[in-house]
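**Q** Under our numbering, the first residue of the sequence shown is numbered 27, with each subsequent residue one higher. Backbone N, C-alpha and C define an ideal beta-carbon position, used for all residues, glycine too. Since this is a predicted model, take the numbers as computed values, not measurements.
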Amino acid sequence: MARRKQVGDIYRFDFDEKFHCYCQILEANDVAFFNYYSDSEDDNINEVIEKDEVFRIWLDRDCLKSDKWKFICNMELSEKRKIVFNKYNKPIGSDYYQLYKDGQFFRTTRENCIGLEYTAAWMELGVIDRLNYSFFGKPLPEHIKKDIPFYE
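(1) Tell me whether the segment 129–144 and the segment 102–120 touch, counting them as touching only if at least three CB pairs, one residue from each stretch, are closer than 8 Å.
(2) By a C-beta neighbour count over all protein chains shown, 10 Å radius and 16 as the cutoff for buried, is Y126 buried or exposed?
(3) In this structure, how does DSSP classify L52 when only helix, strand and coil are distinguished?
(4) Over what stretch of residues does the alpha helix (DSSP H) that includes E73 continue unbroken?
(5) Using the beta-carbon count (16 or more within 10 Å), is I118 buried or exposed?
(6) Do you know offhand how far F97's Cα is from L90's?
(7) Specify the secondary structure class of D35 as computed by DSSP and reduced to three states.
(8) Go ahead and pull the three-state DSSP assignment for L85.
(9) If we count the other Cβ atoms within 10 Å of its Cβ and call it buried at 16 or more, is F162 buried or exposed?
(10) Looking at the strands, I want to know which residues DSSP matches up with N100.
(11) Quick check: the Cα distance between T135 and F39, rounded to an integer number of angstroms?
(12) In angstroms, rounded to a whole number, what distance separates the CA positions of E102 and Q32?
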């Protein structure tokens, strides 16, 4: 039986044939990916979790079931990782934006959404695309550019 994820869990994700990275389960279903990748089997997890976040997203519930994800340990969240970030949504076919804050949606302007993550659960392939863009500058597929906060 698969282990149920818990706040503080740290996973190694083999996102490439050679490289892996790490992420931590946060409050409100957020998952922080650390700005760190490696091909070493001797990573110091205490050093890894001190790194900045490369991004923070929601994961599709099936991601952690893949054999590319390996549970490493559970560690207490740092203070900066206890902060829950707002997200945004733009319902399909609508001409308005919504801010997702404290578990609720509120109408807002597009300008208030710049820099926020989209309220979507990312599937494994999308996470791989984001990591390859973030770490190696590989172009993102056109269909996911709209969900990335740094694309206008």
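**A** In terms of the structure at hand:
(1) yes
(2) buried
(3) coil
(4) 71–74
(5) exposed
(6) 9 Å
(7) strand
(8) strand
(9) exposed
(10) D35
(11) 35 Å
(12) 11 Å
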